[in-house]
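Engineer:
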Amino acid sequence: MVLVQVVNTVEDVAKVAEAIGPLHKEPPSLYVSLAGLRTDRFGVTAPKLSIYPFPAGPIFVVDMLQMKERAINTVGKCGTSLKDFLEGNGTKCFFDVRHDSNVLYCLYKIKLDGVQDIVLMELATRPRSGRFVSALWKCIKNDAQLFAAEKSAQVESKEKGLQVIDPNRGGSSNAFFGLHMRPALIDDCAKSVQSLPQLWKHYYSQLDREWRIKVAEQSMKRLEESWKDTFDGSRLDMVSGPSAWIE
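In this note's numbering, the protein residues as written are 112 to 358.
Here it is in C-alpha cells:
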C-alpha cells in the first residue's frame, strides 16, 4: 500500500522537492495530476496537486489553494523547487495533460516539459489508432496490472469521491475548496496517480520506436496548444485523438 501525505506547509513542500530527486527516463519516476480544476468568472483554480515519486513514494497531495505560489516556488535542500521539476526536461507522466498544463500555465506561468501523456500512449496501442481517447477509470479497469481487490478499491475510492463532489449524489462541487479536505477526496486524489506507473509500463511495452516518437511529438503539441489564449477545454473535440492518427 502506498502512503499518502497531505502537504499544506512550506516546510513540507521543501521536503517534497527533496523526495522527488533526480528524474529517471525509463521507467519515469514522476507521475502528476491536478484535482478540483475549475474555470469560471472568478478565474482558474487548481486546489490539489498530486505527485507520485515512483517507486519510493509517498504520494503527496499538495494544497495549492492555501499556499498558492509558495507551493511551487519553495526550494528544498536540493536547491530545486516543484516548478523546476515541472519545467525541466526530466520525464514526467500525466493522464491527458491538456487541462493540467493550461491551469499551471494560467496560474503560475509554468510551461511543462518532458511530458509523456499516458492517454496518448493508450491510444497508440490500439490495432488501428482510435478516434476517441479513453477515460482514466476505463484504462484502470481494462489495463492496469492490479489484483481484483486493488481494482475494486480504486472503483470504490472514485465512487466515494464522487459522492462528496457531485451535487447529483448529495455532494458539493465546492468540496475541494475548504480548509480541510475530506478523507474521501484525499484518497481520490492519490488514486488518480497511483495506477499511472502500471499503465505507463503496460502501454510503453507495446509501442515500437516510431510510435514512441509520435507520442512524444503529440504530447509536446498538446502542451503548446494548452498555453494559447484560445485554449478551450470544453470543446467537443477534446475527446478526439490526434487527427493524424485517425484512420
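All C-beta atoms in this analysis are idealised placements derived from N, C-alpha and C, irrespective of residue type, glycine included. Bear in mind the structure is a predicted one, so any value in this text is a computation, not a measurement.
Do Ser-351 and Ser-205 come within 8 Å of each other at the CB atom, strictly closer than that value?
Structural biologist: Looking up residue 205 in the sequence shown gives position 94. Looking up residue 351 in the sequence shown gives position 240. The sequence shown places Phe at residue 205, not Ser. Contact: no.
Engineer: Anyone know if the C-beta pair for Lys-179 and Glu-198 falls short of 8 Å?
Structural biologist: Numbered from 1 along the sequence shown, position 68 holds the residue referred to as residue 179. Numbered from 1 along the sequence shown, position 87 holds the residue referred to as residue 198. Going by beta carbons, Lys-179 and Glu-198 fall outside the 8 Å limit.
Engineer: Inspect the CB distances between the region 134 to 147 and the region 116 to 126 and report whether three or more fall short of 8 Å.
Structural biologist: no
Engineer: Straight-line CA distance for Ala-167 to Lys-252?
Structural biologist: Locating residue 167 in the sequence shown gives position 56, where the first residue counts as 1. Locating residue 252 in the sequence shown gives position 141, where the first residue counts as 1. C-alpha separation (whole angstroms): 24 Å.
Engineer: Could you give the distance in angstroms between the alpha-carbon of Val-226 and the alpha-carbon of Ala-125?
Structural biologist: For this step, residue 226 is matched to residue 115 along the sequence shown. For this step, residue 125 is matched to residue 14 along the sequence shown. Taking the straight line joining both Cα atoms gives about 23 Å.
Engineer: If we call anything under 8 Å between Cβ atoms a contact, is Met-232 one with Tyr-163?
Structural biologist: By 1-based counting over the sequence shown, the position of residue 232 is 121. By 1-based counting over the sequence shown, the position of residue 163 is 52. No, the Cβ-Cβ distance between Met-232 and Tyr-163 is not below 8 Å.
Engineer: Just to confirm the assignment: which complete alpha helix (DSSP H) runs, minimum length 4, are found wholly within the region 183 to 265?
Structural biologist: You should have 193 to 198, 208 to 219, 229 to 236, 247 to 254.
Engineer: According to DSSP, is Val-127 part of a helix, a strand, or is it coil?
Structural biologist: The residue given as residue 127 occupies position 16 in the sequence shown. The answer is helix: DSSP assigns Val-127 an H, G or I state.
Engineer: Report buried or exposed for Ser-192, applying the criterion of at least 16 other Cβ atoms within 10 angstroms of its Cβ.
Structural biologist: Taking the sequence shown and counting its residues from 1, the one referred to as residue 192 is at position 81. A buried status is given to Ser-192, since no fewer than 16 other beta-carbon atoms sit within 10 Å of its beta-carbon.
Engineer: Taking the alpha carbon of Leu-234 as the reference point, which residue from Tyr-219, Pro-158, Cys-250 has its own alpha carbon closest?
Structural biologist: Locating residue 234 in the sequence shown gives position 123, counting from the first residue. Of Tyr-219, Pro-158, Cys-250, the residue nearest in Cα terms is Cys-250.
Engineer: If you run the structure through DSSP and keep just helix, strand and coil, what is Ser-306?
Structural biologist: Counted from its first residue, the sequence shown places residue 306 at position 195. If DSSP states are grouped into helix, strand and coil, Ser-306 belongs with coil.
Engineer: Verify whether the separation of the beta carbon atoms of Pro-139 and Trp-356 is less than 8 Å.
Structural biologist: Translated into positions along the sequence shown, residue 139 becomes position 28. Translated into positions along the sequence shown, residue 356 becomes position 245. Not in contact: Pro-139 and Trp-356 (Cβ atoms no closer than 8 Å).
Engineer: So Phe-165 packs on Pro-308, CB below 8 Å; how close in whole Å?
Structural biologist: Here residue 165 refers to the residue found at position 54 of the sequence shown. Here residue 308 refers to the residue found at position 197 of the sequence shown. Indeed, because the Cβ distance is near 5 Å, the residues count as touching under 8 Å.
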